[in-house]
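Below: the structure, in structure tokens.
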Amino acid sequence: MLFVKVFVHLFQKVVGNGARPHDTPVLFVNFFFAAFSDKEKVAMVFVKSYRRLALMNSVNGEIMEKLFDSHAHYYDSRFEREGDGAHALLTALFADNVGTIVNIGTDIENSKICIAQAAKYPGMYCTVGIHPSDGLRYADPDAALADLEALLGTPESRKAQKIVALGEIGLDYHWDADRKAEQAYLLEKQLQLAERHGLPVVIHDREAHGDCFDAVLRHPNVCGVFHSYSGSAEMAKELVRRGWYISFSGVATFKNAPKVREAIAAVPNDRILIETDAPYLAPVPYRGKMNHSGYMYYTAEAVAAVKGIDTDTAIRLTAENARRLFGIS
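Residue numbers (the numbering used here): 2 to 330.
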């Protein structure tokens with residue numbers, strides 16, 4: 002009986018998410034093939050089919066826009082602890098509904114890993130930077146900043162290494178509110194680096210909205226994206242007015258995040274990005290589990306619902322915006 006209920010529920014989801022009548026045979030073939038071979042895999046096969054079909058063109062049956070994950074951390078050890086490792090996962094994601102991932106560095110060591118990972122996958126790009134919390138580990142922050150500038154290299158070396166931004170940088174008052182001055186120093190120096198090298202930045206702003214806003218205002222020639230945005234709609238509007246982009250994570254799907262959805266409504270369609278922050282911040286219905294770029298479809302659904310557009314359009318718009326921001330053709 003549970004088997005039937007799962008089938009009916011997922012079929013209703015398919016119909017409600019863009020599958021057309023002529024797609025139905027594909028769904029049933031996938032479903033019954035799984036049922037006869039391994040019933041435990043039925044739900045996963047069916048969900049994967051519905052997500053793929055929701056991205057299909059009704060004219061020629063080809064997948065339209067693939068997902069663009071503007072912020073993830075695929076060097077994180079959680080992919081090894083809770084899955085089959087980042088390589089197996091990325092191989093599967095790029096073969097399915099994910100087109101592009103920007104892998105975000107948070108310290109010197111993992112920024113180097115980001116560069117190495119970007120070299121392995123045509124659809125992966127990277128950033129280098131020092132996260133406000135990670136930066137507090139460095140006994141000599143100036144030496145770390147010098148190492149970061151060495152990683153940035155030249156425009157030619159950045160293009161070869163697929164480095165598209167400086168980040169993630171910013172302020173975090175949730176974990177390290179007692180070390181605000183040290184965080185502010187690292188942020189200021191990295192904003193100066195971005196200005197000197199003509200790079201966009203990826204801003205981490207956790208419970209530090211006013212100070213982050215003031216910091217970027219001091220550098221009017223620097224722009225970029227506030228990732229996993231949690232500030233006010235008014236602040237988002239002002240950032241956009243000054244040339245910034247705003248990115249939303251799986252938090253947009255959480256019932257207790259109405260403020261995030263208010264910000265989504267306030268951001269123009271040409272300045273909005275979506276992301277995972279993988280392996281963290283998995284959207285509903287996977288909240289609390291290890292996140293990955295394939296789950297971003299649910300974030301796109303949430304954005305589409307707020308904006309009053311279909312999910313395909315949300316996926317296309319956010320991908321176009323991310324490519325524009327990061328200079329990815």
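Ideal Cβ positions, reconstructed from N, Cα and C, are used throughout, including at glycine. All values derive from a computational prediction rather than experimental measurement.
Find the nearest neighbour of residue i within the set the options, judged by alpha-carbon distance.
i      : options                           : result
LEU149 : ASN104, GLU169 and LYS160         : GLU169
ASP70  : ALA323, VAL202, ALA185 and SER330 : ALA323
HIS220 : HIS228, TYR174 and GLY244         : GLY244
ILE114 : GLY100, THR101, SER233 and GLY130 : GLY130
ALA266 : HIS88, VAL226, VAL304 and GLY136  : VAL304
TYR281 : ASP179, ILE275 and LYS290         : LYS290
SER229 : LEU192, GLN162 and THR277         : THR277
ILE316 : GLU302, ASP212, VAL307 and ARG325 : GLU302
GLY232 : CYS224, ALA209 and GLY225         : ALA209
ALA156 : GLN184, GLY295, SER294 and PRO201 : The amino acid occupying residue 156 in the given sequence is Pro; Ala does not appear at that position. The option with the nearest alpha carbon to PRO156 is PRO201.
GLY171 : ARG159, SER158, GLN191 and ASP179 : GLN191
ASP212 : THR101, ALA120 and ALA182         : ALA182
PHE214 : LYS160, GLU239 and THR107         : GLU239
ALA151 : ALA120, HIS198, ALA178 and PHE227 : HIS198
THR107 : HIS72, GLY84, GLU83 and ASN98     : HIS72
SER330 : LYS160, ARG82, ASP143 and ASP311  : LYS160
Taking the Cβ atom as the reference point for each residue, do residue i and residue j lie within a distance shorter than 9 Å?
i      : j      : result
CYS127 : ILE105 : yes
LEU153 : LEU194 : yes
ILE204 : ILE164 : no
ASP313 : GLU66  : yes
PHE80  : PRO123 : no
MET125 : LEU167 : no
GLU189 : ASN222 : no
ASN292 : ALA306 : no
GLY225 : LEU326 : yes
ALA185 : ALA216 : yes
Short of 7 Å in beta carbon distance, which residues of its chain neighbour residue i, apart from the five on each side in sequence? Order them along the chain.
i      : result
VAL268 : ALA237, VAL241 and ILE247
VAL285 : THR254, PHE255 and TYR299
VAL30  : With a pLDDT of 36 at VAL30, under the threshold of 50, the modelled position of this residue cannot be trusted, and the question is left open.
TYR287 : TYR296
What do you get for residue i, buried or exposed, if any count of 16 or more other CB atoms within 10 angstroms of its CB means buried?
i      : result
ASN257 : exposed
HIS132 : buried
SER78  : exposed
HIS74  : buried
GLY328 : exposed
SER250 : buried
ALA320 : buried
ALA93  : exposed
SER158 : exposed
GLY295 : buried
ALA89  : exposed
ALA178 : exposed
ALA120 : exposed
LEU274 : buried
VAL252 : buried
Per DSSP, what are the beta-bridge partners of residue i in this structure?
i      : result
ASP206 : LEU172
SER78  : Beta-bridge pairing links SER78 to no other residue.
TYR126 : VAL103
ALA73  : ASN104 and ALA279
ALA166 : THR128
VAL226 : VAL203 and TYR246
ILE273 : ILE247
LEU192 : The partner list for LEU192 (beta bridge, DSSP) is empty, contrary to what the question assumes.
LEU68  : VAL99
Ignore the nearest five residues each way along the sequence and tell me which others in residue i's own chain have a CB closer than 8 Å to its CB.
i      : result
PRO259 : none
TYR76  : ALA87, ASN104, ASN111, ILE114, CYS115 and GLN118
HIS175 : ARG207 and GLU208
GLY100 : GLU66, LYS67, LEU68, PHE69, GLY124 and ALA320
ARG180 : LEU137
VAL261 : TYR230, SER231, PHE249, VAL252, ALA253 and PHE255
Quick one: residues in its chain with C-beta nearer than 6 Å to the C-beta of residue i, no 5 flanking neighbours on either side, listed in chain order?
i      : result
TYR139 : ALA145
ASP173 : PRO133, SER134 and ARG207
GLY136 : LEU187
ALA234 : GLU263, ALA264 and ALA267
GLN162 : ILE116
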